[in-house]
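Engineer: All residue numbers for the sequence shown refer to the working numbering, where the first residue is 1287 and numbers rise by one. Just so you know, even glycine gets a beta-carbon here, dropped at the ideal spot from N, CA and C. These numbers come from a predicted model, not from an experiment. Can you keep this structure in mind? I'll have questions shortly.
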Amino acid sequence: MTLFNKYVSKRLKQSIAFNTFRLVSFSVVGILFLIIGFIVVRGISVISWDFLTKMPENGMTEGGILPAIVGTLCLVFGSMLFAFPVGVLSGIYMNEYLKESWFKKIVHSMTNNLAGIPSIVFGLFGMAFFVQKLSFGDSILAGSLTLGIMVLPIIIRTTEEALKSVDDSLRIGSYALGASKLQTIRKVVLPICYPNIVTGLILSVSRVSGETAPILFTVAAYFLPRLPHSIFDQVMALPYHLYVLTTSGTDMEKSLPMAYGTALVLIAIVLLVNMMANSARRYFIKKLK
1287 MTLFNKYVSK RLKQSIAFNT FRLVSFSVVG ILFLIIGFIV VRGISVISWD
1337 FLTKMPENGM TEGGILPAIV GTLCLVFGSM LFAFPVGVLS GIYMNEYLKE
1387 SWFKKIVHSM TNNLAGIPSI VFGLFGMAFF VQKLSFGDSI LAGSLTLGIM
1437 VLPIIIRTTE EALKSVDDSL RIGSYALGAS KLQTIRKVVL PICYPNIVTG
1487 LILSVSRVSG ETAPILFTVA AYFLPRLPHS IFDQVMALPY HLYVLTTSGT
1537 DMEKSLPMAY GTALVLIAIV LLVNMMANSA RRYFIKKLK
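Rendered as structure tokens:
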């Protein structure tokens, strides 16, 4: 009877634990769908071809958001063009070349601290260094570099963790066949890591797309009804556009629906870019198999 009671108690505890985890998981998914559903219901009425392709008019309470869409895409791709190769190469160096030492521990610590710095601090740094010191001005270049530096820790750490997941026996086997360290990294290690490295890209894109503080100091324009012509141009951006629509004191009856429409477009862009990155991730997984 004692053994039976212990068995029942064990199964009961297990059932409670599993149901608790299941409830938490469903709660997270439910909150996500609640937020998306709220934005969709409030913003779908504003979405139209003109809203997506026209210039803003009348203090941004009329017209479209095309400059903000183009500006956001420029900043996302510009920041990833800088951060992704630099972050991946840094992660490779940290894991494959740099030996365990006090210097490596310091670099790890600095990387972790960099990831915890508030985004507005990156904005102040970008304004002081890229905008003023290097004389880039308020531009796509300054904003992209600032955002790129902000997400570097994410890419570096995900790359390191991806490289650590590769069994050392594969490296040793490659060396035994006469391959150099660089050849081993290129031909053996990286192909296995590509799916996890792309995960870092997805996380970085998601963060860059929604940041307001860094671009506030380095690139974002309040009202700029034209498209950029070079990397030294100022641009509008969806996060800052959304902020301005809800805080500028304009006619809220007109600006608030446009704000919800802007938020919906921003979510759609993030989802689209993430889907593209996930497609690339699945491609590398199939190629690996």
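Do three or more CB pairs link the segment 1426-1446 to the segment 1364-1372 at distances below 8 Å?
Structural biologist: Contact between the segment 1426-1446 and the segment 1364-1372 is present, because at least three Cβ pairs lie under 8 Å.
Engineer: Can you give me the Cβ contacts of Ile1488 inside the same chain, cut-off strictly under 6 Å, excluding the 5 residues immediately before and after it?
Structural biologist: Cβ within range, chain order: Asn1560 and Ala1563.
Engineer: For Gly1429, which residues from the same chain have a beta carbon less than 6 Å from its beta carbon, with the 5 sequence-adjacent residues on both sides left out?
Structural biologist: Contacts found: Leu1361, Ile1501, Thr1504 and Val1505.
Engineer: Residue range of the alpha helix (DSSP H) that Lys1391 falls in?
Structural biologist: Counting along the chain, the alpha helix (DSSP H) containing Lys1391 begins and ends at Trp1388 to Ala1401.
Engineer: From the DSSP output, which residues share a beta bridge with Val1521?
Structural biologist: The partner list for Val1521 (beta bridge, DSSP) reads Ala1506.
Engineer: Per DSSP, Gly1349 forms a beta bridge with which residues?
Structural biologist: In DSSP, Gly1349 forms a bridge with Pro1342.
Engineer: Among Asn1305, Ile1333 and Ser1295, which one has its Cα closest to the Cα of Ala1545?
Structural biologist: Among Asn1305, Ile1333 and Ser1295, the Cα nearest to that of Ala1545 is on Ile1333.
Engineer: Is the segment 1475-1489 close to the segment 1438-1458, with three or more CB pairs under 8 Å?
Structural biologist: Touching, per the Cβ criterion.
Engineer: Locate the alpha helix (DSSP H) running through Leu1489, then write down its first and last residues.
Structural biologist: From DSSP, the alpha helix (DSSP H) with Leu1489 extends over Leu1476 to Gly1496.
Engineer: Do you know whose CA, among Ile1406, Ser1295, Arg1297 and Gly1423, lies nearest Ala1499's CA?
Structural biologist: Measuring from the Cα of Ala1499, the nearest candidate turns out to be Ile1406.
Engineer: Here's the rule: buried if 16 or more other CB atoms are within 10 angstroms of the residue's CB, otherwise exposed. What is Glu1497?
Structural biologist: So Glu1497 ends up on the buried side.
Engineer: Would you decide whether Phe1303 is buried or exposed? Buried here means 16 or more other CB atoms lie within 10 Å of its CB.
Structural biologist: One detail in the question is off: residue 1303 reads as Ala in this sequence, not Phe. Ala1303 is exposed by the Cβ-count criterion.
Engineer: Could you say which of Val1474, Lys1450 and His1527 lies nearest to Gly1459 if we only look at CA atoms?
Structural biologist: Answer by Cα proximity: Val1474.
Engineer: Should Ile1355 and Ser1425 be called a contact, given that it needs their Cβ atoms to be closer than 8 Å?
Structural biologist: No, the Cβ-Cβ distance between Ile1355 and Ser1425 is not below 8 Å.
Engineer: Give me the Cα-Cα distance between Leu1309 and Thr1485, rounded to the nearest whole angstrom.
Structural biologist: If you take the alpha carbons of Leu1309 and Thr1485, they lie about 26 Å apart.
Engineer: To the nearest angstrom, report how far apart Asp1454 and Glu1382 are at their CA atoms.
Structural biologist: For Asp1454 and Glu1382, the distance between alpha carbons rounds to 11 Å.
Engineer: Just the C-alpha distance for Ala1465 and Ile1325, rounded to the nearest angstrom, thanks.
Structural biologist: Cα to Cα, the separation comes out at about 54 Å.
Engineer: Taking its Cβ as the centre, do 16 or more other Cβ atoms sit within 10 Å of Ser1376, making it buried, or is it exposed?
Structural biologist: Looking at its Cβ environment, which holds 16 or more other Cβ atoms inside 10 Å, Ser1376 is buried.
Engineer: Quick check: Gly1329 and Leu1524, are their CB atoms within less than 8 Å of each other?
Structural biologist: No, the pair does not count as a contact, with Cβ atoms beyond the cut-off.
Engineer: I'd like to know whether the C-beta atoms of Leu1432 and Gly1412 end up nearer to each other than 8 Å.
Structural biologist: Correcting the residue type first, residue 1432 is Thr in the shown sequence and not Leu. Against a cut-off of 8 Å, the Cβ pair of Gly1412 and Thr1432 comes out as a contact.
Engineer: Could you work out which residue in Tyr1569, Thr1533 and His1527 is closest to Leu1352 when comparing CA atoms only?
Structural biologist: It is His1527 whose Cα lies nearest to the Cα of Leu1352.
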